[in-house]
Amino acid sequence: MADLSAWVALWASVAAWSTQTGPQPARTEAGKGMTAEKRTPRPPFYPDDLQRLQEALAQTSPPNFRWRLQAVLAVAQGQNFAETGRQFHVSGGTVRQWVDRYFAARQIKDLILPPTVARLGLEREDIERLSSALQRVSRPRERRRLRAVLDVAKGLGFPDAAQHAGVTAKAVHLWVACYLQHRRIEDVLTLKQGTRLDFQRGDLLTLTRALADFTDPRAVRRLRVVRAVAQGMGIMDAARAFTVHKDSIAKWIRCFLRRHRAEDLLPLKPGRQSDALIDACLHPETLIRNRYLREQLAQLSRQLPAPIGQSELARRLGVSRQYVHHLVQDGRLPYTRHDGVIVFSPFALAVFQPGKPRKRSPTALWSLGEAAARLGITVDTVRHLIKTRGYRYLRIGHSKIFFREPDLRAIERSYQKGQPWVRPEPPLGAVQRRIVEVLAASSGSLRWSEIRDRGGIPISSMRKGFYALIDRGRIVRDEQGKYCLAPAVRSMLQFSRST
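Just so you know, our numbering puts the end of the sequence shown at 499, numbered straight through with nothing missing.
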């Protein structure tokens, strides 16, 4: 009976506590013990709380704020946290945070403003001040900054505010920090960051007139991008609209603002020169006998208003750029240099007279492409011959291959005859000569250790010189695992001693 009376008293105390604290939420879905609400009792909702929440719900327009008010109102009407979270597609812990935030001071603004805004110290007066300033400002750049700060003040996160403004989250952080320093709108509007876009009054007219004058598609594209930025479009928006990298846009803007001239946006340099070789279908001597190409060059000299590069000349002639580069190297196509880049003037094309290639000095080097053109083969064939037949060549840098004139003549003679030109073997070193002397002095075969001991050769030097002789075929190994000189080497040594 004593146990029964104790249980009755316990249940009575639990019932009394539940009537004081209001409706209790159910257990969690996982069923792991008591919920957080039972562990931390919350204060009750009063009738004025329900009335205050309903009035705020009627006056609040942003959907994310309405969700919070509706969720807190549902909990105040007796619904538990888990059911409320499922209803508004959030977790029960999030609903509990909203309720705790309201109970902290029983203020609706504490519920509306997210923790980030509350931590920053933004109030409703800041929202009103920013909204009124946004209505007065007309410049797109200033409106973008104020709109980003206003979005953060209204509770939108920094990434979302940056996405709406078309800038980075770092820029939004900078604008908000600048505003919070003195609470002045002018600080946000006059803040300078990144590329200084100080366009003058006549820059827009200059860019518009240049669009009608320029014909180069690359220059027209640059002018359109810079003009769009001058009209107020952000650099990131222009990068997405014109499919250009933001760093390129910033470089064009700096180039234009240096002297405020549209001519500075012209791409003066042609395409990069490459060391790739002449096409196999076009022989270097075809231009001398090709009348059509000569007529095309003469016609181009009368039509071209300005110098052009190698790529443009090759495109208009219908040949490869490497072929034009080969003509320049042979001296058969006059050219000039503009800022270190090879260009062709109309005068040079008009006086072009195809003839024999210039004579090279005996000490001049031939590149891989020029050697292939001289032999009448492709570059891959030359590389294959270098690997398989052992032709002499020079390597300058990591990948540049050149040929001397005597070596190239020897390659040309051997390749035309169909016989490979074999590189002569280098002479023997001191260690290798000592190994050969030890083996020549012995009457039979010797082991590796015996050769080392008789010759007095260190182990490190012995290994390198010994295996090099084996690779050349100077030393052979017998059936017993010992080493001796090759028969040809031994007979050559005997012949040299007899003579």
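Glycine residues also receive a C-beta, built at the ideal position from the N, C-alpha and C atoms.
Note that this is a predicted model, so its numbers are computed, not measured.
If you drop the 5 nearest sequence neighbours on each side, which residues of the same chain put their C-beta closer than 6 Å to that of residue i?
i    : result
L204 : A230
A74  : T84
R129 : none
L493 : A440
M462 : R452
F214 : V220
D126 : A153
L150 : L130
D478 : S445
A161 : A148, D151, V152 and V172
G234 : G166
Under a Cβ-count criterion, where at least 16 other Cβ atoms within 10 Å of its own Cβ denotes burial, should residue i be classed as buried or exposed?
i    : result
Q432 : buried
I470 : exposed
G155 : buried
A241 : exposed
Y467 : exposed
I451 : buried
Q310 : buried
A430 : exposed
I459 : exposed
R321 : buried
R101 : buried
E29  : Bear in mind that a pLDDT of 44 at E29, under 50, signals an unreliable position, so the number given afterwards is only what the model happens to contain. Exposed, since its Cβ has fewer than 16 Cβ neighbours within 10 Å.
A58  : exposed
G465 : buried
G78  : exposed
To which residues does DSSP link residue i through a beta bridge?
i    : result
L266 : The partner list for L266 (beta bridge, DSSP) is empty, contrary to what the question assumes.
C178 : Bridge partners of C178: none, in fact.
V476 : C484
W366 : F403
R395 : I401
L446 : Y483
How about residue i and residue j: do their beta carbons lie closer than 8 Å?
i    : j    : result
V502 : L207 : The question about residue 502 has no answer here: the residues shown for the chain are numbered 1 through 499.
R145 : G232 : no
A153 : V167 : no
A239 : I249 : yes
L385 : Y391 : yes
W67  : F81  : no
C484 : L428 : no
A171 : P159 : no
S95  : A71  : Contrary to the premise, residue 95 reads as Val rather than Ser in this sequence. Cβ atoms of V95 and A71: closer than 8 Å.
Q480 : S449 : no
H326 : A373 : yes
Q200 : H245 : no
L368 : V379 : yes
L375 : E412 : yes
Could you pull out every residue in the same chain whose Cβ sits closer than 7 Å to the Cβ of residue i, ignoring the five residues on either side in sequence?
i    : result
A488 : none
A76  : F45, D49, L50 and L53
A486 : G473, R474, I475 and V476
G455 : R434, I435 and V438
R141 : G232
K32  : Its pLDDT being 44, under 50, K32 is placed unreliably by the model, and nothing is read from it.
K482 : S445, L446 and R447
Identify, in the order they occur along the chain, each residue of the same chain with its Cβ nearer than 8 Å to the Cβ of residue i, setting aside the five sequence neighbours on each side.
i    : result
Q181 : D187
W252 : R222, V225, V226 and L265
C255 : D264 and L265
I185 : R129, L130, A133, L146 and Y179
W98  : R68, A71, V72 and L111
D275 : Reliability fails at D275, whose pLDDT of 29 lies under 50, so the model's placement of it is uncertain and the value that follows must be treated cautiously. Counting only Cβ-Cβ distances below 8 Å, and skipping sequence neighbours, we find S367, L368, G369 and K400.
D407 : Y391, R392 and Y393
R143 : L134 and V137
Taking the runs of the alpha helix (DSSP H) that are 4 residues or longer, which of them lie wholly in the segment 44-108? 47-59, 63-76, 81-87 and 92-105
Which parts of the segment 124-148 are runs of the alpha helix (DSSP H), unbroken and 4 residues or longer, counting only runs that do not cross its ends? Within the segment 124-148, the complete alpha helix (DSSP H) runs of at least 4 residues are 124-136.
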